[in-house]
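Asks: Numbering follows the UniProt record's numbering, with no gaps: position 365 of the sequence shown is 365. Beta carbons are placed, not taken as given, at the ideal position from N, Cα and C, and that holds for glycine.
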Amino acid sequence: MTDGESIGVQVRGIYATAITQRLVRADDVDVVQASTPIQRRFETTFAEEPASVTIETDEQRLGVSIVGTQAGVERVRDALDVAIDTLCWRDPTPQGAIFDGVVTETLGSGAVVDLGDTEGFLPFNATSAHVETDDRLRVQVAEPAAPWSTDRPELDTTVSVRGDLATLVREASTEAAGPDLLDVLSVDVPDGWRVSWGRDADDADFAVLEAELEPLIDRAADIDDAFSAHDETTTTGRIVDGRGTQWVLFGRESRFALDEDRREVTPTMPGHHRIKAGDERASAAVDFVEDLAPDLDGEFPFDVVTRQFGPQAGDRVAIAHGKPDGRTVSLGRGDVTERDPDGTIRVEREMSPGGTYDALGTKRRGGDVAVTKFTEGKWWYPTVYRGEDGDKRGTYVNVCTPVEVFPNEIRYVDLHVDVVKHTDGTVERVDDDELDAAVAAGDVPEALAEKARKVASAVENAL
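(1) Among Val9, Val113, Glu48, which one has its Cα closest to the Cα of arginine 75?
(2) For lysine 454, collect the residues of the same chain with a Cβ closer than 8 Å to its Cβ; drop the 5 residues on either side in sequence, then sort them by chain order.
(3) Between proline 402 and glutamate 253, how many whole angstroms is the CB-CB distance? I'm expecting something under 8 Å.
(4) Does the Cβ-Cβ distance between tyrosine 385 and cysteine 400 come in under 8 Å?
(5) Do glycine 198 and leucine 165 have their CB atoms nearer than 8 Å?
(6) From Val11, Ala18, Arg12, pick the residue whose C-alpha is nearest to that of histidine 272; which is it?
(7) Is it the case that the region 107-114 contacts the region 82-93, given that we only count it when at least three CB pairs across the two stretches are under 8 Å?
(8) I need the straight-line Cα distance from threonine 118 to aspartate 100, nearest angstrom please.
(9) For residue 491, collect the residues of the same chain with a Cβ closer than 6 Å to its Cβ; drop the 5 residues on either side in sequence, then sort them by chain order.
(10) Label serine 160 either buried or exposed according to how many other C-beta atoms from any shown protein chain fall within 10 Å of its C-beta, with 16 as the threshold for buried.
(11) If you run the structure through DSSP and keep just helix, strand and coil, what is aspartate 239?
(12) Output the distance between the C-alpha atoms of glycine 314 and glycine 244, rounded to the nearest integer angstrom.
(13) Which class does alanine 177 belong to by DSSP, given the choice of helix, strand or coil?
(14) Rounded to the nearest angstrom, how far is the Cβ of valine 131 from that of threonine 104, given a contact under 8 Å?
(15) Any idea if proline 341 is buried or exposed, counting beta-carbon neighbours within 10 angstroms, 16 or more meaning buried?
(16) If you count every other CB in all the chains shown that lies within 10 Å of the CB of glutamate 376, and 16 or more means buried, which is it?
(17) Just tell me which of Ala441, Leu463, Asp432 has its CA closest to the CA of glutamate 451.
(18) Cβ atoms of glutamate 171 and valine 187: under 8 Å apart, would you say?
(19) Where DSSP assigns a beta bridge to residue 471, which residues make up the other side?
(20) Quick check on this structure: which residue in Arg138, Asp414, Thr54 has the alpha carbon closest to the alpha carbon of threonine 233?
(21) What span of residues does the alpha helix (DSSP H) with glutamate 260 cover, start to end?
(22) Can you list, in chain order, the stretches of the alpha helix (DSSP H) that have 4 or more residues and sit fully within the region 76-136?
(23) Taking valine 11 as the reference, which of Pro324, Gly237, Ile38 has the closest Cα?
(24) Compare the C-alpha of leucine 280 against each of Thr133, Lys378, Phe42, Glu59 and name the closest.
(25) Please classify threonine 306: does DSSP put it in a helix, a strand, or coil?
(26) Pick out whichever of Ala34, Thr93, Val417 has its Cα sitting closest to the Cα of valine 240.
(27) Mind checking aspartate 225: buried by the 16 CB within 10 Å criterion, or exposed?
(28) In this structure, does DSSP put threonine 375 in helix, strand or coil?
(29) Whole angstroms is fine: what's the gap from histidine 230's alpha carbon to alanine 97's?
(30) Can you tell me the Cα-Cα spacing of serine 196 and glutamate 434, whole angstroms?
(31) For leucine 463, write down the residues that DSSP places opposite it in a beta bridge.
(32) What's the call for residue 469, buried or exposed, on a 16-neighbour Cβ count within 10 Å?
(33) For the putative contact between leucine 415 and valine 444, defined by C-beta atoms under 8 Å, what is the C-beta separation to the nearest angstrom?
(34) I need the DSSP call for leucine 435, collapsed to helix, strand or coil.
(35) Let me make sure I understand the geometry here. Which of Ala282, Val317, Glu154 has the alpha-carbon closest to that of isoleucine 14?
(36) Is tyrosine 396 near valine 417, with beta carbons less than 8 Å apart?
In structure tokens:
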């Protein structure tokens with residue numbers, strides 16, 4: 001692909017209609033291999049040609065992966081800059097990348113492999129060898145993992161180069177079992193590689209198959225050269241780059257912006273993507289409502305959604321504390337003690353003794369309770385710490401991307417800067433330096449950082 005040349009993009013998942021609408025408006029991007037619902041909703045014809053880039057919703061439905069050619073991924077990424085709380089990270093373990101690694105731990109179903117700057121998971125059924133701790137392995141990334149998930153990227157010891165119509169597989173023995181499509185094509189597959197044809201290969205023209213195989217063959221040759229240059233018994237780290245792989249996390253404002261994109265194409269209820277991201281059971285319900293009531297307007301129905309899917313008083317929820325570098329840290333689980341139909345829930349957690357509360361400097365004692373009020377859509381939330389006797393031990397206000405109250409967890413991305421109120425009434429703003437460092441590192445866009453600073457100033461003045 002050269003500059004100015006149109007790239008083909010395949011889109012799948014709960015954000016497909018909205019993203020397709022954004023890509024239709026973008027320059028030099030063509031949506032290809034559209035699903036049946038997408039073809040029905042858009043008054044246009046989508047080509048069936050192979051895709052250079054694939055966009056898929058992650059397993060938690062919080063964002064998408066973008067995988068494909070490096071230039072294509074960068075171009076598509078620009079079209080997915082939806083709103084101020086859209087965040088993106090390049091994957092350190094991109095799809096197809098090859099690493100020399102060391103087994104650090106064996107689990108019930110596979111092994112954890114140290115890849116140098118990161119680690120991956122090798123299922124035992126993805127290797128024919130017996131694997132033990134300290135074994136050195138050459139592995140390929142089969143399935144990357146979203147940075148906000150708890151999963152490790154999935155590895156395989158079989159090296160391959162994927163295409164839409166064919167995949168080259170590196171094997172010790174490549175003796176043909178009989179007549180093959182390759183016999184009538186004017187391309188030469190390198191020694192040590194075999195072709196695994198896709199299900200649509202039989203219906204493709206020879207010229208199309210040859211065009212498909214040529215870049216795969218070049219890639220296979222590059223892999224052979226890299227293998228010759230690296231000793232897998234002594235190195236640890238990436239030896240072959242993979243396909244361009246980036247992850248895009250949509251915050252609450254981004255999800256509502258995607259609603260607007262989708263609404264340009266088909267009836268879309270308020271909070272369409274917010275509801276679908278919160279609970280898989282809700283997807284069918286949302287589709288049902290939109291089919292029954294095509295003229296939808298109004299506000300996000302927090303009361304209805306939480307009554308139907310949770311959380312409600314008596315439920316337990318986790319607090320998924322997102323980090324600007326893409327990781328998610330659990331702050332534990334708490335009991336929902338109150339639910340306000342207008343969008344606020346109150347969560348209580350019993351704290352374990354030991355250490356101090358960040359920035360407050362107050363010792364954490366047995367019997368302490370943290371009372372947190374989360375309000376859907378707010379850029380901050382307060383936590384009041386109380387002792388066993390009920391006395392207030394300090395207030396901590398966390399500044400973050402807009403809060404989303406999902407059925408089983410509260411989710412946001414922490415923006416570092418916070419405001420605390422001590423028991424003597426002193427108000428203190430903290431961790432501006434950490435926010436500045438996150439901006440310098442490229443983890444937080446400047447516009448988002450400026451929003452966080454304004455929120456912190458408003459909270460500081462209010463306290």
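Replies: On the basis of the supplied data:
(1) Closest in C-alpha terms to arginine 75, from the list Val9, Val113, Glu48, comes Val9.
(2) Non-local beta-carbon contacts of lysine 454 in its own chain, meaning distances under 8 Å to residues more than five positions away in sequence, are absent.
(3) Yes, proline 402 and glutamate 253 are in contact; Cβ-Cβ is about 6 Å, under 8 Å.
(4) Against a cut-off of 8 Å, the Cβ pair of cysteine 400 and tyrosine 385 comes out as no contact.
(5) Their beta carbons are under 8 Å apart, which means glycine 198 touches leucine 165 by this criterion.
(6) If we check each option's Cα against that of histidine 272, Ala18 comes out closest.
(7) Verdict: no, contact absent.
(8) Distance between the alpha carbons of threonine 118 and aspartate 100: 12 Å.
(9) As shown, the chain starts at 1 and ends at 463. That puts residue 491 outside it, with no answer to give.
(10) Buried is the call here.
(11) Per the sequence presented here, residue 239 reads as isoleucine, with aspartate not at that position. Three-state result, isoleucine 239: strand.
(12) In this structure, the straight-line span from the alpha carbon of glycine 314 to that of glycine 244 is close to 45 Å.
(13) Note that alanine 177 scores a pLDDT of 47, beneath 50, so its modelled location is shaky and nothing firm can be said.
(14) Contact annotation, valine 131 with threonine 104: C-beta distance approximately 11 Å; criterion of less than 8 Å not satisfied.
(15) Exposed: under 16 other Cβ atoms inside 10 Å.
(16) By the Cβ-count criterion, glutamate 376 is buried, with 16 or more other Cβ atoms from all chains shown falling within 10 Å of its own Cβ.
(17) Per the sequence shown, residue 451 should be read as lysine rather than glutamate. Nearest of Ala441, Leu463, Asp432 to lysine 451, Cα basis: Asp432.
(18) When the beta-carbon positions are compared, valine 187 and glutamate 171 stay at least 8 Å from each other.
(19) Outside the shown range of the chain, which is 1 to 463, sits residue 471, and nothing can be said about it.
(20) Selected option, being the one with the closest Cα: Arg138.
(21) Per DSSP, glutamate 260 belongs to the alpha helix (DSSP H) from 252-263.
(22) Annotation note: the region 76-136 contains no uninterrupted alpha helix (DSSP H) run of length 4 or greater.
(23) In this structure, Ile38 is the residue among Pro324, Gly237, Ile38 with its C-alpha nearest to the C-alpha of valine 11.
(24) For the sequence presented, residue 280 should be read as glutamate rather than leucine. Minimum Cα distance to glutamate 280 is reached at Glu59.
(25) Correct three-state label for threonine 306: helix.
(26) That would be Thr93, whose Cα lies nearest to the Cα of valine 240.
(27) Exposed is the call here.
(28) Three-state result, threonine 375: strand.
(29) The alpha-carbon atoms of histidine 230 and alanine 97 are separated by roughly 14 Å.
(30) Cα to Cα, serine 196 sits roughly 50 Å from glutamate 434.
(31) Paired residues: none, contrary to the question.
(32) Residue 469 cannot be examined here, being either before or after the span of the chain that is shown, 1 to 463.
(33) Correct: roughly 7 Å between the Cβ atoms.
(34) Leucine 435 falls in the helix class under three-state DSSP.
(35) The option with the nearest alpha carbon to isoleucine 14 is Ala282.
(36) Note that the C-beta distance between tyrosine 396 and valine 417 is not below 8 Å.
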